[in-house]
Every structure is written in structure tokens, then in C-alpha cells.
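Colleague: Sending over a structure as C-alpha cells; questions will come in a sec.
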Amino acid sequence: MTDYIIVGAGPAGCVLANRLSEDPANSVLLLEAGGKDWHPYIHMPAGFAKMTKGIASWGWSTVPQKNMKDRVFWYTQAKVVGGGSSINAQIYTRGNARDYDAWEKEEGLAGWGYRDVLPYFKRAENNQRYANDFHGDQGPLGVSNPISPLPICEAYFRAGQEIGIPFNPDFNGASQEGVGYYQLTQKDARRSSASVAYLKPIRARKNLTVRTDVLVTRIVVEKGRAIGVEVVDRPGGEKKILRADREVIVSSGAIGSPKLLMQSGIGPADHLKSVGVTPVHDLPGVGSNMQDHLDLFVIAECTGDHTYDNYAKLHRTAWAGLQYLLLKKGPVASSLFETGGFWYADPTAASPDIQFHLGLGSGIEAGVEKLNNPGVTLNSAFLRPRSRGTVRLKSADPADHPLIDPNYWSDPYDRAMSLKGLRLAREIMRQKALAPYVLREVLPGPSLASDDELVDYACRTAKTDHHPVGTCRMGHDDMAVVTPDLRLRGIEALRVCDASVMPRVPSSNTNAPTIMVGEKGADLILGREPLPPAVFSGNRAA
Numbered sequence: 233m234t235d236y237i238i239v240g241a242g243p244a245g246c247v248l249a250n251r252l253s254e255d256p257a258n259s260v261l262l263l264e265a266g267g268k269d270w271h272p273y274i275h276m277p278a279g280f281a282k283m284t285k286g287i288a289s290w291g292w293s294t295v296p297q298k299n300m301k302d303r304v305f306w307y308t309q310a311k312v313v314g315g316g317s318s319i320n321a322q323i324y325t326r327g328n329a330r331d332y333d334a335w336e337k338e339e340g341l342a343g344w345g346y347r348d349v350l351p352y353f354k355r356a357e358n359n360q361r362y363a364n365d366f367h368g369d370q371g372p373l374g375v376s377n378p379i380s381p382l383p384i385c386e387a388y389f390r391a392g393q394e395i396g397i398p399f400n401p402d403f404n405g406a407s408q409e410g411v412g413y414y415q416l417t418q419k420d421a422r423r424s425s426a427s428v429a430y431l432k433p434i435r436a437r438k439n440l441t442v443r444t445d446v447l448v449t450r451i452v453v454e455k456g457r458a459i460g461v462e463v464v465d466r467p468g469g470e471k472k473i474l475r476a477d478r479e480v481i482v483s484s485g486a487i488g489s490p491k492l493l494m495q496s497g498i499g500p501a502d503h504l505k506s507v508g509v510t511p512v513h514d515l516p517g518v519g520s521n522m523q524d525h526l527d528l529f530v531i532a533e534c535t536g537d538h539t540y541d542n543y544a545k546l547h548r549t550a551w552a553g554l555q556y557l558l559l560k561k562g563p564v565a566s567s568l569f570e571t572g573g574f575w576y577a578d579p580t581a582a583s584p585d586i587q588f589h590l591g592l593g594s595g596i597e598a599g600v601e602k603l604n605n606p607g608v609t610l611n612s613a614f615l616r617p618r619s620r621g622t623v624r625l626k627s628a629d630p631a632d633h634p635l636i637d638p639n640y641w642s643d644p645y646d647r648a649m650s651l652k653g654l655r656l657a658r659e660i661m662r663q664k665a666l667a668p669y670v671l672r673e674v675l676p677g678p679s680l681a682s683d684d685e686l687v688d689y690a691c692r693t694a695k696t697d698h699h700p701v702g703t704c705r706m707g708h709d710d711m712a713v714v715t716p717d718l719r720l721r722g723i724e725a726l727r728v729c730d731a732s733v734m735p736r737v738p739s740s741n742t743n744a745p746t747i748m749v750g751e752k753g754a755d756l757i758l759g760r761e762p763l764p765p766a767v768f769s770g771n772r773a774a
């Protein structure tokens, strides 16, 4: 018997394991379906390029996207300790203050406004550059500036300014809008994942047990209360029940958490019956409200060796490895997407609704075209989609892949804004400041100009930014899955704590917001008083 069972060692799960086990009186069991984060690519910043190709992931794909000509998207979801924080591009962005204020004011989630969550972002942070109203420097999570930027990054900043986008030294500070360097979840030129930051320092705690390669097949519910979980530790292995004295906490991510709830009979009853799962608790919102950021990109050929593409050649790979090992610099120390920005597709938007990521090469991510000569990529993503998708079960078999349907572009507004973001990216790449570095646009290609042509291009090439949220959302209505204190509606001693509880996707990458949810969730679970709301001069409204 243990006090708390946490299912999923992703960003939020690692935070919970750390915070709940701080008190030696609490016994904590953390279960992870994936393996340990031993692979060297995980810890080298540039190893991200290998991760989207399937290392340490489930190997899932979406269902055909009916509004994108039935395109099936490769959908990397982590299967490793640290979850997405172990395989992502290490970009540390939190979203806009208005995102969280909307959670509070429009979704009715008291305690989740910007001034309420900012202290939890700060508590997590060990920022190597900033210690001020917006940043902390005493937390577990290493956050730092890029180590090895290239001259083309500075040219990109000037190109943005040539079309009226200002330079911004800190996207998580007083203002979000502008172009600049991203801060990264790195420390000492190594990835600072949730596993490295929150688990590694505390593995010797006697009241914490971490088990990897354990598949949780269902949550065990008796008389309306979660009393434990059923697990198998190998394919075809014997099923065992592990009991929790206080609570079961599901922290398996925006795909894994609704999948596990539905496998357990918790979810929309008609769907569960249709795949052979006996309903335990009819909760229609489970697996609904899925949101994600869709990414459209420009790839250009460079005038010379201005990015990291040529380091794919054997002799240069060897040199890059030596440079990293001896000096902690060079291509291996780069996340390859260290530069970007936030701007507007909709001129009436109250805060930036487009995010850029400048990729220092071509073909960096799985399925994206690689040029024969050195290239550069500029990604654009519409940040506040109105489209809503679902996660559903394919069958009653827990080993079966889920049916992932982001339902991209089901709202025409999303398509229109995505195209505006793509046009903005093309405009930046054509500016005078980048002329010494950019020879020609290869994708979409100068011959494609109309909306119809760009829609066709997007349907062929667009990718996910891997930011799913919302499938077990907080709220008060009949479609809400958890309450604002993360308790599952209708079952005792069961909570969900990860990106799935977010009612709306933040206007940013989702790793930092998920860690924040873990930090705040730990206080909620332990019954602690929340951290005092942030007090700072001025109003961080944009």
C-alpha cells in the first residue's frame, strides 16, 4: 500500500513525485510505461532532431484529417521518464498573461489567473539570466539562453524589425510580442528535463518509488472511489493491482490521460460500450475539447554554410561531437530551434496569435523535406485555434493505439489565420536583412501565391507542434472532467494533473505551462495554501 500513485512520469508527473515526497510521511509510487532516460540523444540539446523520428515515443498517428484532405499526421508522444520534456526542443515559453486570465474569468477557474499561476512558474525556475518580478532562480528547472547562436539568427531579428516586429529580449517578461532568442530548458549545455530537474536529485528518498516499463491498464474503482491501478510489467504479463491509500493521480498527458480513463470505464458511456468497455462512470467530456497547434513552414536554401545542415557529413559530425565534449559549444549544444517570436495574424487580437520558430537547418523534424544544400526553416503556428478534436479508444485493448483526432481546420477561422501566419513567415524571409543568407525560397515556392495553392501546400506538408491539451479539462459544466482543484467529477480519490486539464491551449509551447500545473497541483493535492498572487509594477497584459 502506498499513499499516492502517480500514473505517468511526464513533466507534471515528475513535479508531483518530487513535491508529494518532500514530506517523508507521504509514500509515493510513480509509474511510467516508457523506459529510463538513458539514451544520449535525450541529454544532448541537438538530439531533439532525432526524437521526432520516433526515439522514446509511442509511434502514434492521427486519424485522417477530414478538413486537410484526409492527411494522416505523425504524432510523436513521449514514452520515457520525463515525458515530452525529455524529447522536445527545450523551448521555455509560458504563454500570454491573457491566456490564464481567460481561464479564470471566462472559464470560471478561480485561482488560475495569471497573477495566481506566475508564482508557480517562478517556483519551478532556476533561471541562469533573470531574477526579477517574472522569473525565479532558486527552482529545480534549468532555464538558460542559447549557447551557440549563429549570425543568421541576428539577421532574422533585423528582418522582423524591417516589417515592424520589435526585438524582445524576454518573451516571458513584461511583453510577449516581438522576435528574439528563446530561453531553453537547459543547464550546463544539457537538457534540463523534468526527470533531470525534479527526479534525479531525489531518487534516494526512501518514500519514493519510481517504476518504469509498467503499463497501467485501468484505474480500479470500488464504490465510487479510486482505490488503485491495474498494471502489467511486460507484454502478455500477469495483471496486478497496486493500491493507493489516499489518491490516484493520472498524469499521462493530453492523449494518455483520457485514454486511461476510458480504458477504466470512465468517459462517454456510448463510446465505451461501442468498443467493448463496460462503463463505470459516465463522464461525457473525457477525450473531448482537444486542441493543438498546427505548424506551417517556409524552407529556404542558403547562400552558403549559414546553418547546421552540413554537420550531417561524417567528418563534421565528429568535429561537432568533440567541440561539445570539450567546450560545451557548437551544433550539439543547440536545440536547432532557439530563435523565434510572437506576432499577429488577426490585427484585432488582444495579444499575439502567431508563433515563429527559426530552424537552423532543413529537414530537422520527421517528415519535413531536407535540402541538398544548406537550408533554413521558419515555422509559423496559429496559437489560439477554435477547432476542437477528440481522443477516443480504438478498442478495449489497453495496448491498442488511441484514435487521435485534432480536427485541424474544422473552424475556417483557423485556416485563415494559419495562412496569414505562413504569409508573415514568407515576408520575413524575403527581407533585406536576410538577403546575405537566403538564396531562394524552396517551400512553398515562389510560384504558390493564392490561398487555394497555399491550402494545398499546407495539407501536404503541415505538421503538429506537439502541443495537445484540454481533453480532461477543468470546469464547472457537464462537459468538464475535473474541478478547479483537479478532482475528477463523480469519483473520489482520483485526480488528473497534466496538460489535459487546461481548458484552452496556452499561446506558446506547452512544457512550461504543464510544469506549472504540476507545481500548483501538488499544493492542491497536499491541501496547502496557494502561493500568494504575484505583485509587480505595471500590467503584463500582452
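Numbering (our numbering), first residue to last: 233 to 774. Glycine included, every Cβ here is placed at the ideal spot set by N, Cα and C.
Using 8 angstroms for Cβ pairs, my map puts residue 730 next to residue 484. What's the rounded Cβ distance?
Modeller: Going by Cβ atoms, the distance from residue 730 to residue 484 rounds to 7 angstroms, so yes, they are a contact pair.
Colleague: Between residue 791 and residue 741, what straight-line distance do the alpha-carbon atoms span, to the nearest angstrom?
Modeller: Nothing about residue 791 can be read from this structure; the chain reaches only from 233 to 774.
Colleague: Can you tell me whether residue 270 is buried or exposed? The criterion is at least 16 other CB atoms within 10 Å of its CB, across all chains shown.
Modeller: Exposed, by the Cβ-count rule.
Colleague: Given residue 398, which residues of its chain have a CB within under 6 angstroms of its CB, disregarding the five upstream and five downstream residues?
Modeller: Within the same chain, residue 398 has close Cβ partners 410.
Colleague: Would a C-beta distance cut-off of 8 angstroms place residue 481 and residue 239 closer than the cut-off?
Modeller: Against a cut-off of 8 angstroms, the Cβ pair of residue 239 and residue 481 comes out as a contact.
Colleague: Since residue 621 is in the alpha helix (DSSP H), which residue starts that stretch and which ends it?
Modeller: From DSSP, residue 621 is part of no alpha helix (DSSP H); its letter is neither H nor E.
Colleague: Got a sec, what are the start and stop residues for the alpha helix (DSSP H) residue 349 sits in?
Modeller: Where residue 349 is concerned, the enclosing alpha helix (DSSP H) stretches over 346-356.
Colleague: For residue 555, which residues does DSSP report across the bridge?
Modeller: Paired residues: none, contrary to the question.
Colleague: What does the Cβ neighbour count give for residue 771, buried or exposed, with the cut at 16 atoms within 10 Å?
Modeller: At residue 771 the pLDDT is 49, less than 50, meaning the model places this residue with poor confidence; the figure from the coordinates comes in the next sentence. Per the 10 Å Cβ criterion, exposed.
Colleague: Tell me which same chain residues have a C-beta within less than 8 angstroms of the C-beta of residue 774, skipping the five on either side of it?
Modeller: Reliability fails at residue 774, whose pLDDT of 44 lies under 50, so the model's placement of it is uncertain and no value is given.
Colleague: For residue 434, name the three-state secondary structure that DSSP assigns.
Modeller: Residue state, collapsed to three classes: helix.
Colleague: Using DSSP with H/G/I as helix, E/B as strand and the rest coil, what is residue 386?
Modeller: Residue 386 falls in the helix class under three-state DSSP.
Colleague: Nearest CA to the CA of residue 401: which residue from 698, 573, 626 and 635?
Modeller: Here the closest residue by C-alpha is 573.
Colleague: How would you call residue 459, buried or exposed, if buried means at least 16 neighbouring beta carbons within 10 angstroms?
Modeller: With 16 or more Cβ atoms within 10 Å of its Cβ, residue 459 is classed as buried.
Colleague: According to DSSP, simplified to helix, strand and coil, what is residue 424?
Modeller: Looking at residue 424 - three-state DSSP - the assignment turns out to be coil, as it is neither helix nor strand.
Colleague: Let me know the secondary structure DSSP gives residue 585 once reduced to three states.
Modeller: Residue 585 falls in the coil class under three-state DSSP.
Colleague: Alpha carbon to alpha carbon, how far is residue 520 from residue 620? Give it in angstroms, no decimals.
Modeller: If you take the alpha carbons of residue 620 and residue 520, they lie about 8 angstroms apart.
Colleague: How about residue 606: is its C-beta nearer than 8 angstroms to some C-beta of chain B?
Modeller: Reference to chain B is not applicable here, since this structure consists of a single protein chain.
Colleague: Taking the alpha carbon of residue 532 as the point to measure from, which residue in 715, 605 and 703 has its own alpha carbon closest?
Modeller: Minimum Cα distance to residue 532 is reached at 605.
Colleague: What residues match up with residue 611 in a beta bridge as DSSP calls it?
Modeller: Residue 611 is bridged to 529 and 589.
Colleague: From residue 492 to residue 550, what distance separates their C-alpha atoms?
Modeller: So the two alpha carbons sit approximately 43 angstroms from each other.
Colleague: Where does residue 527 land, buried or exposed, given buried means 16+ other C-beta within 10 angstroms?
Modeller: That one is buried.
Colleague: Quick one: is residue 695 buried, meaning 16 or more other Cβ sit within 10 Å of its Cβ, or exposed?
Modeller: With 16 or more other Cβ atoms within 10 Å, it is buried.
Colleague: Take residue 717 and list the residues in its own chain whose beta-carbon comes closer than 6 angstroms to its own, dropping the five residues that flank it on each side.
Modeller: Excluding positions up to five away in sequence, the list reads 756.
Colleague: From the DSSP output, in three-state form, read off residue 704 for me.
Modeller: Three-state result, residue 704: coil.
Colleague: DSSP state of residue 723, grouped into three classes?
Modeller: If DSSP states are grouped into helix, strand and coil, residue 723 belongs with coil.
Colleague: If I follow the unbroken alpha helix (DSSP H) through residue 209, where does it start and stop?
Modeller: Nothing can be reported for residue 209: it is not among the residues displayed for the chain, which extend from 233 to 774.
Colleague: Cα separation between residue 218 and residue 377?
Modeller: Examination of residue 218 is not possible in this model, given that the chain is present from 233 through 774 alone.
Colleague: Under 7 angstroms from any heavy atom of the ligand ZN, does the C-beta of residue 678 make it?
Modeller: Questions concerning the ligand ZN fall outside what the structure shown contains, since it holds no ligand whatsoever.
Colleague: Applying the criterion that 16 or more other CB atoms from any shown protein chain within 10 Å of the CB defines a buried residue, is residue 245 buried or exposed?
Modeller: Residue 245 is buried by the Cβ-count criterion.
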